[in-house]
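Numbering-wise (the working numbering), the sequence shown opens with residue 4 and increments by one. Below is one structure; the comments refer to it alone.
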Amino acid sequence: MPLLEGKKALIFGVANHRSIGWAIAQSLAAEGAQIMLAYQDRMEKYVRELATKIPNTSVVQCDVQQDDQLDAAFAEAGKIFNGELDILIHSVAYAPPSELENPFTDTTRAGFHTALDISAYSLIAMAKRAKPLMQAKGGNMLTLTYMASERVMPKYNVMAVAKAALECSVRYLAFELGEYNIRVNAISAGPLNTLAARGVSGFTSFREQMGQVAPLRRNIEQSEVGDAALFLCGPHARAITGEIMFVDAGYNIMGA
Ligand SMILES: NC(=O)c1ccc[n+]([C@@H]2O[C@H](COP(=O)([O-])OP(=O)(O)OC[C@H]3O[C@@H](n4cnc5c(N)ncnc54)[C@H](O)[C@@H]3O)[C@@H](O)[C@H]2O)c1
């Protein structure tokens, strides 16, 4: 039997075919999960097209900064999934471009709020709304983070602060939701060529450097993050929660 037969997954953060969220959707669907994609308004065209590639996939529009849109998206998921949700994927991040170009010391109050709101608070806002749909049978929540939360990656700036807040939120959510058998984890992915990553200057050269230095002597691909997500959201990871798992060809262990 497929690993996720009968499981229902709501995925936030698909923008196009390069999105990590899309790779995760494909990995989960390949093991039998039913998928719903929540998209940001401006991505509608691409997401509706992608959704046709996985049978029985539905879509819902949601700006994660808007509480009423989050309420509506989870209400729609509850309707489509008959009041149950097994898997929540949070693959969303944003910082205003100027915050990733200017010196970190020049981070603005408004830029800080926006980055932390969209990239970190949104996980808490989603968890609150997913809990009622998950708590009867347990479930899985998974988010995407980056190593810049712990080590300085020049130009990642306020997004690194947001990732640190996101990782801390994973631990607090894992603690609170554990009694309902709801697991909460994060994947810390190596650099991948996506819309969000292209907003960080120096990204391409860093990806090249990582491919040479990482123990596996190569970069990673979106599908490898998708398969790690399948593991973390599936039965084989049933005792894992509050974990930040690196999927980066081992790059994070290197000191030089
Ligand atoms: N690409 C990488 O190298 C890399 C590495 C580690 C972690 N990540 C993380 O993976 C996640 C997915 O990013 P990606 O690389 O697939 O890029 P992406 O651009 O494909 O995905 C980012 C998504 O965030 C969504 N988003 C932004 N603001 C939103 C809002 N207000 N409301 C709703 N959705 C909003 C965008 O629509 C988009 O779908 C992000 O958290 C990112 O930080 C990426």
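We put the beta carbon where it would ideally sit given N, CA and C, even for glycine. Values in this document were obtained by computation on a predicted structure and should not be read as measured data.
Annotation for I23: the continuous alpha helix (DSSP H) segment containing it runs 23–33.
Proximity of the beta carbon of A33 to ligand 1 is not indicated: no heavy atom of the ligand is located closer than 7 Å. Taken through DSSP and simplified to helix, strand or coil, H20 comes out as coil. Not a single heavy atom of ligand 1 lies less than 7 Å from the C-beta of A168. Under the three-state reduction of DSSP output, L88 falls in the coil class, being neither helix nor strand. Nearest to G193 by C-alpha distance, out of T108, E153, F249, is F249. A direct Cα-Cα distance of roughly 16 Å separates D109 from V203. In the DSSP assignment, F249 falls outside any alpha helix (DSSP H) and within the unbroken beta strand (DSSP E) covering 247–250. Under DSSP, no beta-bridge partner is assigned to V50. Between the alpha carbons of V228 and I83 lies a gap of roughly 27 Å. Counting only runs of at least 4 residues, the region 94–134 fully encloses the following alpha helix (DSSP H) elements, listed from N- to C-terminal order: 112–119.
Its chain contains Q64, D66 as the residues whose beta carbon lies nearer than 7 Å to that of D44, once the 5 sequence neighbours on both sides are disregarded; these appear in chain order. Residue environment for Y159: buried (at least 16 other C-beta atoms within 10 angstroms of its C-beta). For L219, the three-state secondary structure derived from DSSP is coil. Annotation for S172: the continuous alpha helix (DSSP H) segment containing it runs 160–180. Taking 7 Å as the cut-off, the C-beta of C65 counts as close to a heavy atom of ligand 1. L40 and D70 have their C-alpha atoms spaced approximately 18 Å apart. In this structure, I190 lies away from L219, with their beta-carbon atoms at least 8 Å apart. Note that the region 131–151 does not touch the region 204–211; fewer than 3 beta-carbon pairs, one per stretch, sit closer than 8 Å. Distances from the CA of L53 to each of H20, V95, L176 were compared; the closest alpha carbon is that of H20. A buried status is given to D251, since no fewer than 16 other beta-carbon atoms sit within 10 Å of its beta-carbon.
Linking K166 to G9 through their CA atoms gives a straight-line distance of about 32 Å. Leaving aside the five residues that flank R221 on each side, the residues in its chain whose CB is nearer than 7 Å to its CB run, in chain order, G214, A252.
Sorting A231, P58, I223, L103 by C-alpha distance to the C-alpha of L195 places I223 at the top. In the structure shown, the three-state DSSP call for R186 is strand.
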